[in-house]
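Protein chains in written order, with the working numbering: chain U, 1 to 238; chain G, 239 to 346. Heads up, the beta-carbon is just placed ideally off N, CA and C, and yes, glycines get one too. Heads up: the structure comes next, in structure tokens.
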């Protein structure tokens, strides 16, 4: 698939992504467990995890469906969680936008937090890399992550029923997301966004169909964008 | 109980929608630049959606039928703090889960 000159970037991506298997694996297993507990068959769980390939959105949608939220709202909330993927897509475009259509489609499917973050960081340093090297690096980061994602979902689905209630699995989702959110707090604007969104969400739980989550997130995004403008005005935003 | 075929329709739609979100700019915009105001809001999507989603799950957890639970809140505080301070997702999950189980054990 790759020419000789692309082999090195591919394995570089592979090595850089390898440690993230420790995050992706347990997260995938949690989804497998929760999906089975929600009454999904193994086949349904695997169809879900391989076709969507976005853990946070999968858990969000599943959680809401389980709470008897209307399907449309559960779907919209899952897509809202994945809105950040549009940002990733936008930010990868200057580096990979010149690739053939079918390759861009593969990049799109494999765009997750880890592959995006690693690739973006690498491309900022190696802007001189030709397109094939950049593509090879990107797919290299996916090579350890994607199979582990599918495999560990399967493992989670298999062991799901045997997990006792004392395992407090209801809290696996908040802990996994909190752990991801912490390192995302790069600037005061990010922190303000998270604080405003969380506070608004707590105040909007009365809104039907869990729509409060999307409304709260929108308020948080506006707060973050405004904070960034204010900080930039004072020369504080990097 | 999640009904069928609603589940399958939602999964298929979520898969298609997620793909289109990821493909949106890379596929359709190509090399053209995006308006700065849009990028500025997009930057804060993840840090807005995830906290909005989990805040109620932390304060009113489903595992206790919505009753405020000290071990769970402590676990949340530890997880977020560890992530903030050491920027390490794995460590945050490990210490957060450890706090939760220790707290639940001590609370009996």
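Unbroken alpha helix (DSSP H) run spanning residue 256 of chain G, endpoints
Taking the second chain and counting its residues from 1, the one referred to as residue 256 of chain G is at position 18. From DSSP, the alpha helix (DSSP H) with residue 256 of chain G extends over 244-261.
Alpha-carbon spacing of residue 48 of chain U relative to residue 296 of chain G, whole angstroms
Translated into positions along the first chain, residue 48 of chain U becomes position 48. Translated into positions along the second chain, residue 296 of chain G becomes position 58. Put simply, the backbone Cα of residue 48 of chain U is about 26 Å away from that of residue 296 of chain G.
Could you check what DSSP says for residue 305 of chain G in three-state terms: helix, strand or coil?
Within the second chain, numbered from 1, the residue matching residue 305 of chain G stands at position 67. Three-state result, residue 305 of chain G: coil.
Taking only beta-carbon positions, decide if residue 201 of chain U is within less than 8 Å of chain G.
As a working note, residue 201 of chain U is residue 201 in the first chain. Cβ-Cβ to chain G under 8 Å: yes for residue 201 of chain U.
Between U:42, U:217, U:149, U:234, which has its C-alpha nearest residue 286 of chain G's C-alpha?
As a working mapping, residue 286 of chain G is identified with position 48 in the second chain. Here the closest residue by C-alpha is U:217.
is_contact[residue 127 of chain U, chain G] using C-beta, thresh 8 Å:
Along the first chain, read from residue 1 onward, the residue named residue 127 of chain U stands at position 127. Taking Cβ atoms only, chain G never reaches closer than 8 Å to residue 127 of chain U, which makes this a no.
So with Cβ pairs under 8 Å, would you call residue 188 of chain U a contact of chain G?
Looking up residue 188 of chain U in the first chain gives position 188. Closer than 8 Å: no.
Can you give me the start and stop residues for the alpha helix (DSSP H) that residue 101 of chain U sits inside?
As a first step, residue 101 of chain U is located in the first chain; it is residue number 101 there, counting from the start. Bounds of the alpha helix (DSSP H) holding residue 101 of chain U are 101-109.
For residue 323 of chain G, count neighbouring C-beta atoms within 10 Å of its own C-beta (all shown protein chains included) and say buried if the count is 16 or more, exposed if not.
Translated into the one-based positions of the second chain, residue 323 of chain G becomes position 85. Exposed, because fewer than 16 other Cβ atoms sit within 10 Å of the Cβ of residue 323 of chain G.
Any residues in the segment 78-92 of chain U with a beta carbon nearer than 9 Å to a beta carbon of chain G? Which ones, in chain order?
Residues 78, 79, 80, 81, 82, 83, 84, 85, 86, 87, 88, 89, 90, 91, 92.
Boundaries (first-last residue) of the alpha helix (DSSP H) holding residue 282 of chain G
Position 44 of the second chain, counted from the first residue, corresponds to residue 282 of chain G. Per DSSP, residue 282 of chain G belongs to no alpha helix (DSSP H) and is neither H nor E.
Three-way DSSP call (helix, strand, coil) for residue 297 of chain G in this model:
Numbered from its first residue, the second chain carries residue 297 of chain G at position 59. It is helical.
Examine chain G for any beta-carbon lying closer than 8 Å to the beta-carbon of residue 182 of chain U, and answer yes or no.
Taking the first chain and counting its residues from 1, one reaches residue 182 of chain U at position 182. It does: the Cβ of residue 182 of chain U has a partner Cβ on chain G nearer than 8 Å.
Just the C-alpha distance for residue 308 of chain G and residue 272 of chain G, rounded to the nearest angstrom, thanks.
On the second chain, position 70 is the one that residue 308 of chain G refers to. On the second chain, position 34 is the one that residue 272 of chain G refers to. Straight-line Cα distance between these residues: approximately 45 Å.
Please state the DSSP three-state secondary structure of residue 69 of chain U.
Here residue 69 of chain U refers to the residue found at position 69 when the first chain is read from its first residue. Residue state, collapsed to three classes: coil.
Against chain U, which members of the segment 245-275 of chain G pass a CB distance test of less than 8 Å?
The residues in question are 245, 246, 247, 248, 249, 250, 251, 252, 253, 255, 256, 257, 259, 260, 261, 262, 263, 264, 265, 267, 268, 269, 272, 275.
Same chain, Cβ closer than 7 Å to residue 103 of chain U, neighbours up to 5 away in sequence not counted:
The residue labelled residue 103 of chain U in the question sits at position 103 within the first chain. Taken in chain order, the residues that qualify are 135.
So which residues on chain U does residue 299 of chain G lean against when the C-beta distance must stay under 7 Å?
In the second chain, the residue the question calls residue 299 of chain G occupies position 61. Correct list: 170, 171.
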